[in-house]
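Participant: Below are the structure tokens for one structure; questions will follow.
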Amino acid sequence: MVAPLISEDIALDPSAFLGEYGGYIDELAIVAKAASGETLYQSSIAPSMMDKENFFERFSNIAKYLDISTYAVIHAFFDELFHKKFKSVSLNAEEIPVSATGFICPNKKGYWKYLAEIMVEIADLQVSGIILLDFRYPWRKYCFCTECIRDFRMLENLPVYFHYGLLEERIDLYEKWLKWRSGVLSDALKYFINHLNSQGKNIPVIVEVILDPISEMTSGVFEYFGQNLEELSKSVDGFILNIFPFSTIDKDVITDDVFTGIISLNKPIYLLYTKNLTESELEILKEIAKIVNAKKIFIKFAQIAS
Amino acid sequence: MKNMYSFGITELDEALGGGLEDGSVTILEDEMGVFSDILLSYFIARGLKRGDDVIVLLTEHPIQYYINMINILGVKADVAMEVGKLVFIDAFLSPFTVSRSLQRTKFAIRNVGSLSDIRQTLQSAIQSLGETDRLRIVIDSLSQFLPPMTQSPQPAAIFLQQQHVERNERGGVLLALVHRDGHSLHIVRSIEYIADIVLRMCFSESEKSKKDVLLYVLKTNDPLLFEKLQNKVFLCSYKQNRLLIHERDKIII
Numbered sequence: 007m008v009a010p011l012i013s014e015d016i017a018l019d020p021s022a023f024l025g026e027y028g029g030y031i032d033e034l035a036i037v038a039k040a041a042s043g044e045t046l047y048q049s050s051i052a053p054s055m056m057d058k059e060n061f062f063e064r065f066s067n068i069a070k071y072l073d074i075s076t077y078a079v080i081h082a083f084f085d086e087l088f089h090k091k092f093k094s095v096s097l098n099a100e101e102i103p104v105s106a107t108g109f110i111c112p113n114k115k116g117y118w119k120y121l122a123e124i125m126v127e128i129a130d131l132q133v134s135g136i137i138l139l140d141f142r143y144p145w146r147k148y149c150f151c152t153e154c155i156r157d158f159r160m161l162e163n164l165p166v167y168f169h170y171g172l173l174e175e176r177i178d179l180y181e182k183w184l185k186w187r188s189g190v191l192s193d194a195l196k197y198f199i200n201h202l203n204s205q206g207k208n209i210p211v212i213v214e215v216i217l218d219p220i221s222e223m224t225s226g227v228f229e230y231f232g233q234n235l236e237e238l239s240k241s242v243d244g245f246i247l248n249i250f251p252f253s254t255i256d257k258d259v260i261t262d263d264v265f266t267g268i269i270s271l272n273k274p275i276y277l278l279y280t281k282n283l284t285e286s287e288l289e290i291l292k293e294i295a296k297i298v299n300a301k302k303i304f305i306k307f308a309q310i311a312s
Numbered sequence: 014m015k016n017m018y019s020f021g022i023t024e025l026d027e028a029l030g031g032g033l034e035d036g037s038v039t040i041l042e043d044e045m046g047v048f049s050d051i052l053l054s055y056f057i058a059r060g061l062k063r064g065d066d067v068i069v070l071l072t073e074h075p076i077q078y079y080i081n082m083i084n085i086l087g088v089k090a091d092v093a094m095e096v097g098k099l100v101f102i103d104a105f106l107s108p109f110t111v112s113r114s115l116q117r118t119k120f121a122i123r124n125v126g127s128l129s130d131i132r133q134t135l136q137s138a139i140q141s142l143g144e145t146d147r148l149r150i151v152i153d154s155l156s157q158f159l160p161p162m163t164q165s166p167q168p169a170a171i172f173l174q175q176q177h178v179e180r181n182e183r184g185g186v187l188l189a190l191v192h193r194d195g196h197s198l199h200i201v202r203s204i205e206y207i208a209d210i211v212l213r214m215c216f217s218e219s220e221k222s223k224k225d226v227l228l229y230v231l232k233t234n235d236p237l238l239f240e241k242l243q244n245k246v247f248l249c250s251y252k253q254n255r256l257l258i259h260e261r262d263k264i265i266i
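Protein chains in written order, with our numbering: chain A, 7 to 312; chain B, 14 to 266.
Put into structure tokens, the structure is as follows:
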């Protein structure tokens, strides 16, 4: 039920790791493109992480030999390398524009092409699927970068200057804006999948969905992160629920109702837990896994080892 | 610790103390027939591979020529262009076929004889990169700023002086090619004075090995490094799409 997520910050030798734990696991997830923007394999377009240029390939090759399925994890719209160029910006009345550190605006078409090429490269590395983390807007007030303002303004014939506060005041416009920005995200996903298919890479793509009370559980992902799960489900092969990344896990707020919407989409569901894990938290994760019929719970390697 | 810009060629980078130092202006002198454009392509590809922003100003080749060379080195140039990491300035095709040239780049110099045109276009290209931490500017070649009839190094010298100040203030490096055999000695010397680093690629003058391409480091901005390098000669060879540079005494000729 539990599988390791090997992140970029973990120093371990792939052969030593799989030699020790390979017998206990049938799946694992490894970060292929880190939050820094660097890759853990030799890419022809992205810089490779120092001393980890072959980390992913070594892992996936040995895993394949041991019949272990490898999922490649990509930080999609989070990239410290491109952040300055394609930053996601919030804008509100009388506030200075704030960029979300590391987050990329999902409306940058040039970055789509870049990410799509990375996905094609990764598809060649003996992987069973690609997990897209950070496939979202950073938060509710994003994005108001120049392109987003231009595109939405042209669509709705708005004045040159508008911001989140103004949109919130006009509920009809606010809803149109939410729909528009979620459409951008869905279009990005379609673009990635079409690009993969056009290159003959028919590989499952799984998208991260944040499950946290701060962002109103799964029902809040549309308003907070711009994810229209119904629309995304037409293109993806599964969702991975990132359990309580911002809050302490609380059994009381986890009810069957929380998951009704996502279960009804009829897509495979995986769980992800990235924080230090206690035994009681593991029990809660197992309960959630039961409710959503999760295929796997991915946990950071350090926690599994302990 | 110094911020360096490497070529991705181990022995050359090691000899230069890690590559070209941030804020420096470098001249690569060549002569007809040596594969200096390959060395420039390595410098561009290396920059893209490590996430640097790269501007390439071309006066003697169409853009596609460099795109092909960068692709051969394992970097997808079109993707780098799409995300704005690689920007070409076309000063080759643009005077004749502006519309065709502008399909590949927004930046074209219509008159390479006009310093203000060159400078403004370069500034616009730099601005298009947005905030940049690391910038490589490559020019192939500066010789076109010095037409054959010009007996003065002034245009290239002024351009280099401007770049010298800008790179010092804003960071990044400039690597420009100059055809040593296309100008009189005093013109080349005048440019060498302004550059921080001078590299020279040329054929061997020895009768025994006159087909060998050699590389010398004629000047660096670090006196200690120069002391180490002034008597060294590097042998360059290009085989199976790979540029090899070794210290001459280390290999059997």
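Ideal Cβ positions, reconstructed from N, Cα and C, are used throughout, including at glycine.
Helix, strand or coil: how does DSSP classify Ile283 (chain B) here?
Facilitator: Past the boundaries of the shown model lies residue 283 (chain B); chain B is included only from 14 to 266, so the question cannot be answered.
Participant: Would a C-beta distance cut-off of 8 Å place Ala194 (chain A) and Ile128 (chain A) closer than the cut-off?
Facilitator: no
Participant: Output the residue ranges of the alpha helix (DSSP H) runs that lie fully inside the segment 140 to 174 of chain A and measure 4 residues or longer, sorted by chain position.
Facilitator: 152 to 162
Participant: Of all the CB atoms in chain A, is at least one closer than 8 Å to the CB of Pro255 (chain B)?
Facilitator: Note that residue 255 (chain B) corresponds to Arg in the displayed sequence, not to Pro. So no, Arg255 (chain B) is outside the interface.
Participant: Starting from Asp243 (chain A), follow the beta strand (DSSP E) in both directions and report where the run begins and ends.
Facilitator: Note, Asp243 (chain A): premise wrong, no beta strand (DSSP E); not H, not E.
Participant: State the Cα-Cα distance for the pair Arg202 (chain B) and Asn244 (chain B), rounded to the nearest angstrom.
Facilitator: 19 Å
Participant: Measure from the alpha carbon of Asp130 (chain A) to the alpha carbon of each residue in A:Arg159, A:Lys70, A:Pro144, A:Asn272, then state which is nearest.
Facilitator: A:Lys70
Participant: Given a threshold of 16 other Cβ atoms within 10 Å of its Cβ, counted over all protein chains shown, does Glu14 (chain A) qualify as buried or as exposed?
Facilitator: buried
Participant: Taking beta-carbon pairs under 7 Å, can you tell me which members of the segment 91 to 121 of chain A lie near chain B?
Facilitator: Lys91, Gly116, Tyr117, Lys119, Tyr120
Participant: Per DSSP, Pro10 (chain A) is paired with what?
Facilitator: Pro10 (chain A) is bridged to A:Ile305.
Participant: Leaving out the 5 sequence neighbours to the left and right, which residues in its chain are closer than 7 Å to Lys306 (chain A) when beta-carbon positions are compared?
Facilitator: The beta carbon of Lys306 (chain A) sits closer than 7 Å to those of Leu11, Ser13, Thr280, all from its chain and outside the five residues before and after it, given in chain order.
Participant: Compute the beta-carbon to beta-carbon distance between Glu42 (chain B) and Val151 (chain B), rounded to the nearest angstrom, for a pair I have assumed lies under 8 Å.
Facilitator: Not confirmed; about 15 Å, so no contact.
Participant: Leu18 (chain A) and Ala82 (chain A) - do their beta-carbons sit closer together than 8 Å?
Facilitator: If you check the CB distance, Ala82 (chain A) and Leu18 (chain A) do not come in under 8 Å.
Participant: Compare the C-beta of Gly93 (chain B) against all C-beta atoms of chain A and say whether one is closer than 8 Å.
Facilitator: Looking at the sequence provided, one finds Ala at residue 93 (chain B) rather than Gly. At a cut-off of 8 Å between beta-carbon atoms, Ala93 (chain B) makes contact with chain A.
Participant: Would you tell me roughly how many angstroms separate the C-alpha atoms of Ile266 (chain B) and Glu260 (chain B), rounded to the nearest one?
Facilitator: Low local confidence applies: a pLDDT of 38 at Ile266 (chain B) is under 50, so the model's placement there is unreliable, with the coordinate-based value given in what follows. Cα to Cα, Ile266 (chain B) sits roughly 11 Å from Glu260 (chain B).
Participant: I'd like the list of long-range same chain contacts for Gly31 (chain B), defined as Cβ closer than 8 Å, with 5 residues on each side in sequence excluded.
Facilitator: Lys15, Met17, Ser19
Participant: Would a C-beta distance cut-off of 8 Å place Asp91 (chain B) and Ile80 (chain B) closer than the cut-off?
Facilitator: Contact flag set, yes.
Participant: Determine whether the Cβ of Glu123 (chain A) lies closer than 8 Å to any Cβ atom of chain B.
Facilitator: At least one C-beta of chain B is nearer than 8 Å to the C-beta of Glu123 (chain A).
Participant: At a Cβ threshold of 8 Å, is Ile51 (chain A) touching chain B?
Facilitator: Using a CB distance cut-off of 8 Å, Ile51 (chain A) counts as an interface residue toward chain B.
Participant: Applying the criterion that 16 or more other CB atoms from any shown protein chain within 10 Å of the CB defines a buried residue, is Ser253 (chain A) buried or exposed?
Facilitator: exposed
Participant: So for Leu86 (chain B), helix, strand or coil by DSSP?
Facilitator: Three-state result, Leu86 (chain B): coil.
Participant: Do you know whose CA, among A:Lys115, A:Glu123, A:Phe141, A:Asn248, lies nearest Gln205 (chain A)'s CA?
Facilitator: A:Glu123
Participant: Around the C-beta of Ser197 (chain B), are 16 or more other C-beta atoms found within 10 angstroms, so that it is buried, or is it exposed?
Facilitator: exposed
Participant: Indicate the three-state DSSP secondary structure (helix, strand or coil) for Ala122 (chain A) in the structure shown.
Facilitator: helix
Participant: Please name the residue in A:Phe198, A:Lys115, A:Glu44 whose C-alpha comes closest to that of Ile136 (chain A).
Facilitator: A:Phe198
Participant: Just to make sure I have the definition right: I need the residues of chain A whose C-beta is within less than 9 Å of the C-beta of Val96 (chain B). Which are they?
Facilitator: Ile51, Phe88, Lys91, Phe92, Lys114, Gly116, Tyr117, Lys119, Tyr120
Participant: Give the residues of chain A in contact with Arg213 (chain B), contact being defined as C-beta atoms less than 9 Å apart.
Facilitator: Ordered by position in chain A, no residue passes the 9 Å Cβ test against Arg213 (chain B), which lies about 30 Å from the chain.
Participant: Can you give me the start and stop residues for the alpha helix (DSSP H) that Ser66 (chain A) sits inside?
Facilitator: 61 to 71
Participant: For the segment 245 to 252 of chain A against the segment 157 to 177 of chain A, are there 3 or more C-beta pairs whose distance is under 8 Å?
Facilitator: no
Participant: So with Cβ pairs under 8 Å, would you call Phe304 (chain A) a contact of chain B?
Facilitator: no
Participant: Can you name the start and end residues of the beta strand (DSSP E) that Val125 (chain B) belongs to?
Facilitator: Premise fails: Val125 (chain B) is in no beta strand (DSSP E) and is neither H nor E.
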